[in-house]
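Colleague:
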Amino acid sequence: MAAKKSAKKSSKKPAKRTAKKPAKKPAKKPAKKPAKTRRASTKAPAKKPAASPTTPELIAKKRDGGALAEAEIQQLVEGYVDGGVTDYQMAAFAMATFFRGMTPKETAALTLAMRDSGTVMDLSSVPGVKVDKHSTGGVGDKVSICLAPLVAACGVPVPMISGRGLGHTGGTVDKLEAIPGFRMDMSTKRFASQLKKVGCSLFKQTAELAPADRQLYALRDVTATIESVPLITASILSKKLAEGIDALVLDVKVGKGAFMKTPEQATELAKSIVRVGRLAGKKVTAILTRMDAPLGRTVGNAIETAEALRVLHGEGPEDLIDCTMALAVEMLRLGGAARSEKDARKKLEAAIASGEAIRVMEKIVKAQGGDPRVVAEPDRLAIAKSTLEVPAPKAGFVTGIDAFEIGWSSVSLGAGRTRSDQDVDPAVGITIDAKPGEKVKKGQPLARLHVHPKQRRKVASVVERVAGAFTIGRRAPSLEPLVLDVIRR
Ligand code: URA
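Counted the way my numbering counts, the sequence shown spans residues 2 to 490.
(1) From T234, V130, D65, pick the residue whose C-alpha is nearest to that of A114; which is it?
(2) Fully enclosed by the segment 313 to 401, which alpha helix (DSSP H) runs are 4 residues long or longer?
(3) Would you kindly check if the distance between the Cβ of A339 and the Cβ of A179 is under 9 Å?
(4) Using 8 Å as the cut-off, can you tell me whether the segment 89 to 103 makes contact with the segment 192 to 201, which would need three or more C-beta pairs spanning the two stretches below that distance?
(5) What number of angstroms, rounded off, separates the C-alpha of G119 from the C-alpha of E305?
(6) Consult DSSP for R449 and reduce its assignment to one of helix, strand or coil.
(7) Compare the beta carbon distance of A225 and M332 with 9 Å and say whether it is the shorter of the two.
(8) Go to A114, then tell me how far its alpha helix (DSSP H) extends in each direction, as first and last residue.
(9) Using DSSP's beta-bridge definition, name the partner residues of T286.
(10) In this structure, how does DSSP classify V255 when only helix, strand and coil are distinguished?
(11) Does any heavy atom of ligand 1 sit closer than 8 Å to the C-beta of Y81?
(12) Under the criterion of a Cβ to heavy atom distance below 8 Å, does F99 qualify as lining ligand 1?
(13) Which residues share a DSSP beta bridge with K459?
(14) Between the Cα of E378 and those of E316, A345, G430, P54, spot the shortest distance and give me the residue it belongs to.
(15) Leaving out five residues before and five after D142 in sequence, what residues of the same chain have Cβ atoms less than 6 Å from its Cβ?
(16) Could you please give me the residues that DSSP links to H135 through a beta bridge?
(17) Could you give the DSSP three-state label for P181: helix, strand or coil?
(18) Drop a sphere of 10 angstroms on the beta-carbon of K240, count the other beta-carbons inside from all chains shown, and report buried for 16 or more, exposed for fewer.
(19) Between the segment 467 to 484 and the segment 391 to 404, can you find at least three pairs of beta-carbon atoms closer than 8 Å?
(20) According to DSSP, is I227 helix, strand or coil?
(21) Would you mind sorting G182 into buried or exposed? The rule is 16 or more other CB atoms within 10 Å of its CB.
(22) Residues in its own chain within less than 8 Å of L328 by CB, not counting five upstream and five downstream?
(23) Decide if K63 is buried, meaning its Cβ has at least 16 other Cβ atoms within 10 Å, or exposed.
(24) Taking a contact to mean a Cβ-Cβ separation below 9 Å, would you say Y218 touches S229 in this structure?
(25) Can I74 be considered in contact with ligand 1, in the sense that its beta carbon sits closer than 8 Å to one or more heavy atoms?
(26) What does the alpha-carbon distance come out to for the pair A208 and D214?
(27) If I'm right that T290 touches K262 with Cβ under 8 Å, what's the distance once you round it to whole angstroms?
(28) Taking Cβ positions, are L447 and V429 nearer each other than 9 Å?
(29) Please list the terminal residues of the continuous beta strand (DSSP E) segment that includes P212.
(30) Buried or exposed: which applies to E319, given that a residue is buried once 16 or more other Cβ atoms fall within 10 Å of its Cβ?
(31) For C201, name the three-state secondary structure that DSSP assigns.
(32) By the DSSP assignment, the beta strand (DSSP E) with L485 in it spans what residues?
(33) Check the DSSP bridge columns for K440 and list the partner residues they point to.
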């Protein structure tokens, strides 16, 4: 089950390890000397093969709204990984793509070129349908941490590759690394053997897997080029296709705290990912879920991990449990472990009630070098002790919480990054004390900021920003359902 250099046939287009330089056309055989008596040809002389366009020409083509050919996209991606295309050129290309978009053909070419920029794993020796889940990114979205062990506890192997925070959204890698000793940078060989033994591996993208995405993801994070359907499609799918999955469930977040602000944009992204994923031979389902307010009651790293672990104990906030269950049901169905939604829910509830989900998570944490005691006792995770309350300015019902504002507030505390070379602070974060629909008295805490004592005086503006994210009305709002749509084709 060793990782293979793209040897597995996983799409209509055979996977290949891309060469460092764009493949040269085979050298032409030397032309035969013209026979002395040859008649003059009436045909036009054969055209010389066109030289590859330069990087500035490719950027300009996209800037001007043109569609790039598959070979041109490969040239850019390969050049970016081997250093021939610089970060500033790729940033310009990302911005041009942000404004001009891509055709479905270009998006598929970009995805496959990014997948093939590194190793494509072959997990065919691991029995069962391997199913992963990915979120397009939200605030307080710690679902992967409880979902992966829960689904694995029901017999579906879960190879999961996760990312760091992006923009105002948190990342599973940053959250899980809050567990003392927990490592996500294992080799691809270990990733596969743990998957076989424990039923789940939680992996972070290494230099081997879809390196083009790794570089571009970090670049987009700091160049305001995240919210683009083709770039998100290629980013998510390139790494998922490279990890050797059979099926993928996608959580497409919609709303103020998501990259896709409207259901129309989210549907476009969902369809784009489902289309390209199917083209690559995978079963893909996209579930659209609301992301106006933060998911659950915590935003940060250690604090979110603790909340997610509580879900495995049958505790935790309702919206987090609902989101986890909706995605888990679909993973069990795609993985062949349940025939119907009812059947899937029964199995998932049993895995929590019997403690099997906790046992699987303990095995995962132990196998990845972490302290497994945090699974049974999430309070062991270190959360900054000093708190700053955000009081309700008046009595009433919380009618909304702007997740985007809360996300950036959490980044300002140090839980996320504003430059790609920064480290995150696992201990800081925000507790949401009053969720939409809940009644508050004047002065009652809407939220609490968890900070280090030395930060207290510096974060007054963050307290104000968090306060401004809450809206309070006289009447209880009617809350929209969490799951908006399920897209399978
Ligand atoms: N998640 C990813 O992996 N990539 C994106 O571009 C957005 C969300």
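Cβ coordinates follow ideal geometry from the N, Cα and C atoms, glycine included. Bear in mind that the values here come from a model prediction, so they are computed numbers and not experimental data.
Modeller: Answer, in terms of the structure:
(1) Locating residue 114 in the sequence shown gives position 113, where the first residue counts as 1. Nearest of T234, V130, D65 to A114, Cα basis: T234.
(2) 319 to 335, 342 to 354, 357 to 368, 374 to 377
(3) Along the sequence shown, one-based indexing puts residue 179 at 178. Along the sequence shown, one-based indexing puts residue 339 at 338. Going by C-beta atoms, A179 is not nearer than 9 Å to A339.
(4) No: fewer than three Cβ pairs fall under 8 Å.
(5) Counting from one through the sequence shown, the residue named residue 119 turns up at place 118. Counting from one through the sequence shown, the residue named residue 305 turns up at place 304. Whole-angstrom Cα-Cα distance: 31 Å.
(6) Counting from 1 along the sequence shown, the entry for residue 449 is found at position 448. Secondary structure of R449 (DSSP, three-state): strand.
(7) Within the sequence shown, numbered from 1, the residue matching residue 225 stands at position 224. Within the sequence shown, numbered from 1, the residue matching residue 332 stands at position 331. No. Outside cutoff.
(8) Residue mapping note: residue 114 aligns to position 113 of the sequence shown, counting from 1. First-last of the alpha helix (DSSP H) with A114: 105 to 116.
(9) In the sequence shown, residue 286 corresponds to position 285, counting from 1. For T286, which the question treats as bridged, DSSP gives the partners V250.
(10) In the sequence shown, counting from the first residue as 1, residue 255 sits at position 254. Collapsing the DSSP output to three states places V255 in a strand.
(11) Stepping through the sequence shown from its first residue, residue 81 is reached at position 80. It does not: the Cβ of Y81 is nowhere closer than 8 Å to a heavy atom of ligand 1.
(12) Looking up residue 99 in the sequence shown gives position 98. No, ligand 1 has no heavy atom inside 8 Å of this Cβ.
(13) Reading the sequence shown from its first residue, position 458 is the one you call residue 459. The partner list for K459 (beta bridge, DSSP) is empty, contrary to what the question assumes.
(14) As a first step, residue 378 is located in the sequence shown; it is residue number 377 there, counting from the start. Among E316, A345, G430, P54, the Cα nearest to that of E378 belongs to E316.
(15) Taking the sequence shown and counting its residues from 1, the one referred to as residue 142 is at position 141. S136, L296, listed in sequence order.
(16) Residue 135 sits at position 134 when you count from the first residue of the sequence shown. H135 pairs with L251.
(17) Against the sequence shown, residue 181 aligns to sequence position 180. It is coil, neither helix nor strand.
(18) In the sequence shown, counting from the first residue as 1, residue 240 sits at position 239. With 16 or more Cβ atoms within 10 Å of its Cβ, K240 is classed as buried.
(19) Contact check between the segment 391 to 404 and the segment 467 to 484: three or more CB pairs, one atom from each, fall below 8 Å, which counts as touching.
(20) As a working mapping, residue 227 is identified with position 226 in the sequence shown. Correct three-state label for I227: coil.
(21) On the sequence shown, residue 182 is found 181 positions in, with the first residue counted as 1. Exposed.
(22) Mapped onto the sequence shown, residue 328 falls at position 327. Excluding sequence neighbours, L328 sits near K134, V144, L148, V250, D252, I288.
(23) Here the question's residue 63 lines up with position 62 in the sequence shown. It counts as buried.
(24) Here residue 218 is taken as the residue at index 217 of the sequence shown, counted from 1. Here residue 229 is taken as the residue at index 228 of the sequence shown, counted from 1. For Y218 and S229, no; Cβs fall outside 9 Å.
(25) Residue mapping note: residue 74 aligns to position 73 of the sequence shown, counting from 1. I74: no, Cβ never under 8 Å from ligand 1.
(26) By one-based count along the sequence shown, residue 208 stands at place 207. By one-based count along the sequence shown, residue 214 stands at place 213. Answer to the nearest angstrom: the Cα atoms are 10 Å apart.
(27) Here the question's residue 290 lines up with position 289 in the sequence shown. Here the question's residue 262 lines up with position 261 in the sequence shown. With a Cβ gap of about 14 Å, T290 and K262 do not count as contacting.
(28) Position 446 of the sequence shown, counted from the start, is the residue given in the question as residue 447. Position 428 of the sequence shown, counted from the start, is the residue given in the question as residue 429. Not closer than 9 Å, so no.
(29) Here residue 212 refers to the residue found at position 211 of the sequence shown. It is not in any beta strand (DSSP E) - P212 instead sits in the alpha helix (DSSP H) that spans 212 to 222.
(30) Here the question's residue 319 lines up with position 318 in the sequence shown. The residue is exposed, with fewer than 16 neighbouring Cβ atoms inside 10 Å.
(31) The sequence position of residue 201 within the sequence shown is 200, counting from 1. It is a strand residue.
(32) One-based indexing of the sequence shown puts residue 485 at position 484. That run of the beta strand (DSSP E) goes 484 to 488.
(33) As a first step, residue 440 must be located in the sequence shown, where it is residue number 439. Per DSSP, the beta-bridge partners of K440 are F398.
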